[in-house]
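Down below is the structure, laid out as structure tokens.
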Amino acid sequence: MDTTDAPQVIEHITKSVNYTPYDARWIPCSARFVSMGIHPRATGAINVFALQQGELKVVHELEKQHGVKCGTFGASSLDARHLAVGDYAGIMSIYDFEKPEIPVYSAQAHKSIINCIDGCGGLNIGYGAPELATGGRDGELCYLLQIPRSQ
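483 is the number that our numbering gives the last residue of the sequence shown; the numbers go up by one with no jumps.
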């Protein structure tokens, strides 16, 4: 194979953080992304970064009680852009970055760490209620949940 025709990955910006990042997601329809992980003291990190003039700027910096393993915008409308996360205590929470201090919704989804999360449905697609699926260390393959619509 001729390597001159192969796609190239070029590093654009690098930023060091003071936690171990486990997941990163672009925020839909924006020049921002969110990074999730765990601090050395076992608290959770959820940071929102914006691309501004060739640099990464921290827009929101949240510290949570438990480490955060995964996240998705999959069950959120493009207008709301709510982030659903899974943490080390087995809690699934949904955050609104307009008021990020307290989750919009929270539920004990697993007995221990949530390893993966994804979502679908809602007003974007026009079919069915927004739903999330999670997989945990407790041996449950997935936990399905109908997300309450914001009023």
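Every residue, glycine too, gets a C-beta built ideally from N, C-alpha and C.
By alpha-carbon distance to W358, the top candidate from A465, T404, C452, I426 is T404.
Taking the Cα of A374 as reference, the smallest distance to any Cα among Y351, S367, I342 is reached at Y351. Contact between A377 and V400 holds: their C-beta atoms lie close to 7 Å from each other, under 8 Å. Following the DSSP letters along the chain, one finds G406 in no beta strand (DSSP E), marked with neither H nor E.
For H398, the secondary structure class from DSSP, reduced to helix, strand or coil, is coil. For L410, there is no enclosing beta strand (DSSP E), as DSSP marks it with neither H nor E.
Nearest in C-alpha terms to Y420, of all of A441, I434, H414, is A441. In this structure, DSSP gives D450 an extended state, which the three-state scheme calls strand. The Cβ atoms of C361 and L410 lie closer than 8 Å to each other.
Closest in C-alpha terms to I449, from the list A461, V390, M424, comes M424.
The C-alpha of I345 is placed about 7 Å away from the C-alpha of L388.
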